[in-house]
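Presented below is the structure to which this report refers.
There are 2 protein chains.
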Amino acid sequence: MYGNRLVFEEINRDLGLMFRYSWSNSDAYGFVRQAEMRNVSDAAVSIEILDGIRNVLPSGVGRRFQLEFSTLVDGYKRTETDIRGRRGAYLVSGSLALAQGESADWLVVAEVEQDASRVRALMRDVAAPGIKDRVLADIASGTARLMRIVGETDGLQATADEPSVWRHFANTLFNAMRGGIPDHGYLVSRDDLGAYLGKTNSAVRARHAALLDALPASLRREDLMKWVQAVGDVDLERLAAEYLPLSFSRRHGDPSWPWNSFSIRLKDDQGQPMLNYRGNWRDIFQNWEALALSYPDFVEAMLFKFADSSTVDGYNPYRVLREGYEWELLDVEDDWANIGYGGDHQVIYLLRLLEVADRYRPGSLVPLLTRKVFTFADVPYRIRPYEDLLRDPRDTIDFDQAVNDAALERVRRIGSDGKAVLDADGALLRANLTEKLLIVALSKLSNFVPGGGIWMNTQRPEWNDANNALVGNGVSMVTLYYVRRYLWFLHGQLKASGVDEVEVSVPVAEFLRAVASAFESHLPVGKDAGADGERKALLDALGTAGAQYRASVYEPAGRGGHTTVTTTQLRAFISDVLRHADHTIAGNRREDGLYHSYNIMQVSPGGISVEHLTEMLEGQVAVLSCGLLGATEAADLLDALRASALYRADQNSYILYPDRDLPHFLDKNIVSEEDVGGSALLTAMLERGDARIVSRDVDGGIHFNPAFRNANYLDEALAALDEGDDGSLAAEDRSRVLNIYENVFEHASFTGRSETFYKYEGLGSIYWHMVSKLLLAVDEARLGALQSGASEAVVERLERHYAKIREGIGVHKSPAEYGAVPTDPYSHTPSFAGVQQPGMTGQVKQDLITRASEMGVVVKGGIIRFEPRIVRQQEFLETPASLTYVDLDGEVHTLALETGAMGFTLCQVPVVLHRGGAAGIVVSRRTWRITFGGLPSTGPTRRQSSSAPATFLASTSTSGLPTDSRHRLGCGHACTAGHPAPSSPRRGLISRNLVAVVGVPASR
Amino acid sequence: MYGNRLVFEEINRDLGLMFRYSWSNSDAYGFVRQAEMRNVSDAAVSIEILDGIRNVLPSGVGRRFQLEFSTLVDGYKRTETDIRGRRGAYLVSGSLALAQGESADWLVVAEVEQDASRVRALMRDVAAPGIKDRVLADIASGTARLMRIVGETDGLQATADEPSVWRHFANTLFNAMRGGIPDHGYLVSRDDLGAYLGKTNSAVRARHAALLDALPASLRREDLMKWVQAVGDVDLERLAAEYLPLSFSRRHGDPSWPWNSFSIRLKDDQGQPMLNYRGNWRDIFQNWEALALSYPDFVEAMLFKFADSSTVDGYNPYRVLREGYEWELLDVEDDWANIGYGGDHQVIYLLRLLEVADRYRPGSLVPLLTRKVFTFADVPYRIRPYEDLLRDPRDTIDFDQAVNDAALERVRRIGSDGKAVLDADGALLRANLTEKLLIVALSKLSNFVPGGGIWMNTQRPEWNDANNALVGNGVSMVTLYYVRRYLWFLHGQLKASGVDEVEVSVPVAEFLRAVASAFESHLPVGKDAGADGERKALLDALGTAGAQYRASVYEPAGRGGHTTVTTTQLRAFISDVLRHADHTIAGNRREDGLYHSYNIMQVSPGGISVEHLTEMLEGQVAVLSCGLLGATEAADLLDALRASALYRADQNSYILYPDRDLPHFLDKNIVSEEDVGGSALLTAMLERGDARIVSRDVDGGIHFNPAFRNANYLDEALAALDEGDDGSLAAEDRSRVLNIYENVFEHASFTGRSETFYKYEGLGSIYWHMVSKLLLAVDEARLGALQSGASEAVVERLERHYAKIREGIGVHKSPAEYGAVPTDPYSHTPSFAGVQQPGMTGQVKQDLITRASEMGVVVKGGIIRFEPRIVRQQEFLETPASLTYVDLDGEVHTLALETGAMGFTLCQVPVVLHRGGAAGIVVSRRTWRITFGGLPSTGPTRRQSSSAPATFLASTSTSGLPTDSRHRLGCGHACTAGHPAPSSPRRGLISRNLVAVVGVPASR
């Protein structure tokens, strides 16, 4: 079903023929189309066939050129049959006679960019006997490689629910295609590392060239990091820690957007395998989160990448590359170019990676909290002073060309590290993880609007592109919900760390002091209008603190100095902030039990008012995750959500915000007689038929000049009147007319795509990524409820919601209902059509995480537990089957599964769940290779394999695993070259070549 | 048949219905589709109809965005029926019952960019009775306006040959759409002139603001120029002389090329009529040549525009605008951006405008020869020194960013005049016409390759885009042919001028002296290889002279000083140059009687060799025009052309160069064993299988690395070997391997599109512009033969060629043979299809000129003669008809024509040819308006008209018209406000509202 093939099948009853086409990519032969034709009639059939390729493009014609100038391109075409100046075709024709039930098949094979030598070789190869077999064998070998990629990221499962199994396969594949996968597990190639260092910081590479050369050609990441520690160069340490030997990644995003052209490059120009990844910041880290569940030892690298590419003012550049990162430039020629920062991705993506680190490698963050190893991205954006943000919150960032140019000049000299921020002495500015995490929190808190959320004033929308126009006057409760969870996590880390004080830079300490003081000296402010003044007073204090901090750190001279803060201070600060945040969150509970997602703020001399927007799905997902809601509250919220306008019954799922009918063209841009009457200027101009500002139509309706695309245009037109006869009237009525304009168009509360768009995140459309985020949030709420000892009744309420949301996601929908084959994830379902855009969705990452949960896997404190409450009983096999999996040597194995079992892998270790019997874990191994109680100190090299049968060796209960599991989990992929002997049979769960068999109680 | 409508008609026999659709553009209602359905069966028919518009695009979606992102755009669509997120349609359906022969018709009308007021007004209008009539009336009024545009440029004719009449209509329309037409004849709007001065030179406008304001709102160009003379400001004079009040122009060129997006803008953003023109240099001047035949008084403006936008080094910028001109910038982002200069357009287009000025306004050039009024375009291209051109003739121009930026800064300060060159004192550098013409000639002559032609070394191909890759090693005989004609014309002008000496700048005088000395001190050099050394010696002298001149004038300090040269010196210089040129031309006669068009030169230490390329049509056109060939030689050449591989029998016309089969992919890039054996480097690398330079295929064939796109890539690869083990071998064999490469690929003689392209100017394609250039050249040869007293036999040979070439152009071809309706001109006819691209061809200009000749019109020395030798007898009417024409007031009239007559206009003056009887001219007038023997001193204002019948008043013979006809011809359009009394009845031919009737002898 999967593999590198697409299949199409149809039966033509009139012709009495079944047609079957499949498309594959062959490494050696190029694009292959297999055709099969079978006589399904009750008589013999004779057929004339014409098949082949049309419109052969000349070499070197780019996509854009072909799109725009296809007729011109035609003039250059020559197909060597010989067709000149026209769209050439290669067609073959023939006659076939098929007896009843007989079939015929053939291949059409085509390749591009072949030179003369290759063509000659192909001609000879094609002429030799057995070419069809060679083509098919090459496709099979490619398919096997693809299976291996999926298997190496735990994408192969075997259960009775085939749609779920294949959906999981697809999710795994697409997640890998976005974020990439490690090329050789935890093995690092010395040469690739050297090349990487050369491009990131050639000076570091040069300093350690001899040492690097002396490294083995291939070594485990763990051994690399030990070596790095021994060398003692902080930059080498940072770059090595950041190094991710990923392959199979492509630039992220939906290819229908203009900035998302991409290809997956696995080989360089010389045909050599190459390692690379690149993605939009807002996408790549989420796919890495799912990847980290299969490769937990790499989470440190992801965190380093994250931290090193964040800015001194608390944001992040647009795009992440294997070597460094990129920010967007001002480009007046490009309509899509824009500068600015998004915000909440940063908080939640960072937090989720931190949580993975903590769950899989407990304690691993502690040394980083105080280790001054991280750098900053020197993004040349300069957020303006607080007063400027208030004045025009949509135009808030200046581009510092000199900073930009200086950074690029440094890149030319030393590599991508040239983009890092320098301190006053010209050295790289460094910080520990605590400071990094604090800066993110403080930058958000400096935009805290009490009662409203976090002010979005950095020229880019937050996650939800549906509301892309909200930036400016919008305040995000979503961000506040995530900030709450983030701060609480930080609180817990600090508490558990045993650290008493941490070093931070003087400007950050000062920023912290000012923000803390602002929160201390103000009472929590509610959402009511009476509090507008207090609201503004607190925001003024916070915003001014932020501006002062930025003013310091935007100048190298202001970045100097360091001081310490105690963890006690920090924890007290967090507690104080949460008092304010929780007050605002509580105030944003709607009467229907949902929570507000985004609000609009309006600044006036009297203060700042907050208006609520419509209910949105995103806010429910975020508030469920924020840690504030109890189990019953969570279940109530989910009930309310089901009853809300966000529920779309025909798809049994949720839209992002209520669908609605937008006003028609003639119902817009209508100025009331009353408003006109109140303006002497408009009255006078209308009377004399001067249409520069407003005009009256034949039916008497009054409209603003349609040339005003926004209030700035109107303002310019009013300013132009100043010089004419209407000068004094125009000056007098300026703000009155601007107010009328805003009342007519409500630009301040214009949410963007959600008011103009009908696909993707548009009106009436289900955006599946968010639905799967909801599913994950419910899963977390469910686990939280279990942990907090909630009643069985409320746990079951949450579990029922989980099941219903999963059902809505549609793995078991009919193709007619889903709109496509439901084993593929799709981006969205518009109101008027089936699912759109296969694979192009962050949904895959969410579903990979919840799929592990559905298999009963719970990882916390470095311990894997099997918690089978939501293991789906219908997935236990009704007949014997087998699990195909890829072991740590990259070898493919098949494991027989009996009736009542199901199989999957965890870090490539096969796990078999059994229905019924007592809960328990049985760990088995291959007897020939491992002496139980102690692995050989040097194991077999990668690619060795054995077909020896597995035998059961030990069993244990589902609880009480040893607490030191970092090593066990982490070593999964790294132990191909050698492995310390495990101290207990239970370690075997995550050791190489072992098979774990887990008993699951019979269905509740 | 024409007008602003496109019509499609078909009969569906199965349905028994005739369908007729026509598309029109209505000013008031937008796009109109008229549908008609007629029952052509022999019974009643009932029909269900569904008709309307599909895929309505939202406002503001650009062409490129729709092309690339149509699916994304769909997501934003909302059609107010309401369809959301999909391609909306407005469809109406209905049932019709049509009796036999009955028909039904309806309109579909659509408009874009309507605001609410306009929609309301339209809704009311549509609801009112008679809307269909109003729409049709609006279309009719638009059609009438279009007819007027065509009529005002002499596009309306009435003969028995309707296809020729409508082809002429189309030619006129398309010529106007390219070059534009005067908006109100010779009338100049004071306000538009003021706006123009403000944008070209705000200082000039400011200096004369009061005087400008005092001008009448509208005045004749002639009166404007008198006023300008009186003011006495040389810049005002220049700008006023350059001023062309054109409308209806668009950027030139084929819209399938990426740089040619255009629209014809007749109104500005406020809906006000606007005057504008813009075009590529190489296109706009040719269309102006045809325009000048209807508006001869504007030829001076065209010449000023031409001269003022040429450079100090003798070239011209890429694009001409109403205000100034534009040069191309270096833009690494744009694959199509390129800097450089083309060459021979400049010579022949300038020459043809000069010839028109001389023929229509004899003596008008004389004052300009010595008047230092012209300026120079400060194009920031810097052609390198001569030695550099020799070294790499494809990379010869540097872009001087500082000069560019300074010019643009001056433009910001004062307007488009800021792009003019300054002298050492910062004042505008000025020159008289003699100096201007000399610079063009000298710049070409400094690249004269004896025996070969003019070296093309300024990074752009000459006219014939087919050979676009020839620039570099190519030398153009075509340019030399035109330079010959140009110099001879200059010689004649100087001789007839009565001027003894002219002032020129010191650098130009020095340039002249050096070039003259080079020609004097060398004998004419033939084309044989033995002369390679002499050839190089002369080119060295010429090229060095050019380089020294450029070195002077590229620096402001070097531009200073002036001196005089005598016209005797100049004429002697020209005679001496022609001795060399004619020797080279004679040597380029092929054995088959054709002449070479382009050659290839190769520089070696021993000299410069010249190799001939294949025969090409362009060279025959140019040599026919160059003035060297006698009538018999011309006729012989045309015979040879007919017998050559350039003749394409199926279309009875000529291709640009012989069609041929290009080698197949596997026949290219083959290195001989012998060549490899001669290189120790290649032998060694091949032996060890090192494929960086060459590789051997499975069949033993040897190929260069396909990554080498040209020799530079190979050279880089060889250089890279220098650092390796092959270092010494690579250094030793470098030039040997490069020679092998050049032998394999023959890049030096690669002609470009003519070897890769199958449409437009590609292989096997007829490029109609060139065929019509041939027709015009034959017409000129024919007239030359008559003038030189050639024998009747040879004149008739030329006339037969004229007729055959005209026949091949295809006005009377069947639509099947032509590939479209033959009354439309098309760009080209590929080998495999009918004509392509209606109207997009410079052919229209050539055909307008020859069409006048076909009507017997000959203008020379300011005299119109009727020379009826090639008047086509079949065009005389067989039944009475009428000529519609537009008079000088813009009024449409109809003139009755009897059997045996035909009608057309000359400068809007109707002319009627009569078959049979004695040769003669009868001039008639409208009796009510003009007292014969003297026009009223103030005539009626524009737009007045009369329906009074014309009566005959006088007659004269076809010869012996008075010699002072400048005024007569020139005043045609200018005399709307007032006119001096003509001194003789014969002046009436070109006076307003007169009708000329010309007798033509019976068919020979």
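Chains as they are written, first to last, in the working numbering: chain A, 781 to 1784; chain B, 781 to 1784.
Virtual Cβ for every residue (Gly too), placed ideally from N, Cα, C.
Would you give the residue range spanned by the beta strand (DSSP E) that residue i belongs to?
i, result
"A:LEU878", "869-878"
"A:ALA1661", "1661-1666"
"B:LEU847", "Element bounds for B:LEU847: not the beta strand (DSSP E) but the alpha helix (DSSP H), 843-848."
"B:VAL1345", "1342-1346"
Which chain B residues sit within Cβ distance under 9 Å of residue i?
i, result
"A:VAL1478", "SER897, ARG900, ALA901, MET903, ARG904, ASP905"
"A:SER1552", "The premise fails here: A:SER1552 is roughly 21 Å from chain B at the closest Cβ pair, so nothing lies under 9 Å."
"A:GLY1542", "GLY855, TYR856, ARG864, GLY865"
Can you find a heavy atom of the ligand FAD that lies under 8 Å from the Cβ of residue i?
i, result
"A:PHE1291", "In the structure shown, the ligand FAD is absent, as is every other ligand, since no ligand is present at all."
For residue i, which residues in the same chain have their Cβ closer than 8 Å to its Cβ, ignoring the five residues on either side in sequence?
i, result
"B:ILE1450", "GLY1481, ILE1482, HIS1483, VAL1524"
"B:GLU891", "TYR809, GLY810, PHE811, LEU902"
"B:LEU1131", "TYR1262, ARG1265, TYR1266, PHE1269"
"B:ALA997", "SER969, ARG970, ASP971"
"B:ASP1185", "none"
Going by DSSP, what residue range makes up the alpha helix (DSSP H) through residue i?
i, result
"B:THR1412", "1411-1423"
"A:TRP1061", "1061-1074"
"A:LEU1016", "1014-1022"
"A:GLN1567", "1548-1567"
For residue i, which residues of its own chain have a beta-carbon under 6 Å away from its beta-carbon, when the five flanking residues on both sides are left out?
i, result
"A:CYS1751", "At A:CYS1751 the pLDDT is 27, less than 50, meaning the model places this residue with poor confidence and gives no usable figure here."
"A:ARG1139", "VAL1639, LYS1640"
Would you mind stating whether residue i and residue j have Cβ atoms separated by less than 9 Å?
i, j, result
"A:LEU1134", "A:VAL1279", "no"
"B:ARG1472", "A:SER897", "no"
I'd like the list of long-range same chain contacts for residue i, defined as Cβ closer than 7 Å, with 5 residues on each side in sequence excluded.
i, result
"B:ASN1432", "GLU1587, GLY1588"
"B:GLY1120", "ILE1177, THR1238, GLN1239, ARG1240"
List the residues of chain C whose Cβ lies closer than 7 Å to the Cβ of residue i, in chain order.
i, result
"B:LEU1421", "No chain C appears in the structure shown, which is made up of the protein chains A and B."
Give me the chain B residues within the contact set of residue i, using Cβ-Cβ distance strictly less than 7 Å, ordered along the chain.
i, result
"A:LEU1446", "ALA896, VAL899"
"A:TYR1547", "The contacting residues do not exist; A:TYR1547 stays about 12 Å from chain B at best."
Counting Cβ pairs closer than 8 Å, one from the stretch 1674-1694 of chain A and one from the stretch 1623-1636 of chain A, do we hit at least three? yes
Inter-stretch contact at 8 Å, needing at least 3 Cβ pairs: the stretch 1336-1346 of chain A / the stretch 1282-1297 of chain A: The stretch 1336-1346 of chain A is in contact with the stretch 1282-1297 of chain A.
Taking contact to mean at least 3 C-beta pairs separated by less than 8 Å, is the stretch 1198-1213 of chain B in contact with the stretch 1152-1168 of chain B? yes
Looking at C-beta atoms only, is the number of pairs between the stretch 1400-1412 of chain A and the stretch 1369-1385 of chain A that lie closer than 8 Å three or more? Result yes; three or more Cβ-Cβ pairs closer than 8 Å.
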